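Working notes, beginning with the structure itself.
Residue numbers (my numbering): 1 to 177.
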């Protein structure tokens with residue numbers, strides 16, 4: 001009788017199935033494409049806000065309003081943009097949330113950001129009277145639509161602190177992102 005060496009076809013198939021199951025359960029832990037995509041999107045939002053605020057500052061400088069703590073700058077196609085030391089005022093974005101018809105500043109026009117994809121969280125009281133703690137005075141936070149405001153991937157915009165100082169625009173990416 002001849003002695004066999006190696007695996008049978010059944011044993012080979014079982015090993016392949018087990019390896020496949022292990023790969024399917026372990027792969028998402030090593031390949032987290034969703035959080036990478038969110039981080040890249042937030043980088044784009046930050047860049048859009050930086051670019052947009054620089055354009056507003058350039059317009060304020062042309063109009064001689066870059067040193068004023070409280071002013072407005074007229075931008076063709078956007079309207080009047082409230083400024084702090086020549087940079088867009090965070091409070092002007094709160095009118096977008098309230099749906100104010102008096103608000104001419106439009107986030108999409110200002111920084112070319114899709115409002116259908118993001119929410120703007122600001123420091124004013126919410127419609128039910130409770131305070132929103134995700135942002136303080138002089139700042140706003142942009143989060144993904146439907147995200148929890150206090151614990152979400154976000155971009156935070158803080159007003160310029162003084163003449164010649166650009167606004168602080170930072171990305172916050174907690175582990176839950």
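For glycine and all other residues, C-beta sits at the position ideal for the given N, C-alpha and C.
These numbers were taken from a predicted model, which means no experiment stands behind them.
Item: Just reading off the alpha helix (DSSP H) that residue 50 is part of, what are its end residues?; Value: 33 to 62
Item: Determine the extent of the beta strand (DSSP E) in which residue 139 is found, giving its start and end residues.; Value: 139 to 144
Item: Considering only DSSP beta bridges, list what residue 119 is partnered with.; Value: 143
Item: Indicate the three-state DSSP secondary structure (helix, strand or coil) for residue 72 in the structure shown.; Value: strand
Item: I need the DSSP call for residue 23, collapsed to helix, strand or coil.; Value: helix
Item: Taking DSSP as the reference, what is the three-state secondary structure of residue 28?; Value: helix
Item: Can you round the beta-carbon distance between residue 84 and residue 69 to whole angstroms, since I take them to be within the 8 angstroms contact cut?; Value: 6 angstroms
Item: What are the boundary residues of the beta strand (DSSP E) that residue 80 is part of?; Value: 79 to 84
Item: Please report the straight-line C-alpha distance between residue 12 and residue 28, rounded to a whole angstrom.; Value: 25 angstroms
Item: Tell me the rounded alpha-carbon separation between residue 75 and residue 56.; Value: 8 angstroms
Item: Spatial neighbours of residue 163 within its chain, please: C-beta separation below 6 angstroms, excluding the five flanking residues on both sides.; Value: 67 and 85
Item: What three-state label does DSSP hand residue 5 in the structure shown?; Value: coil
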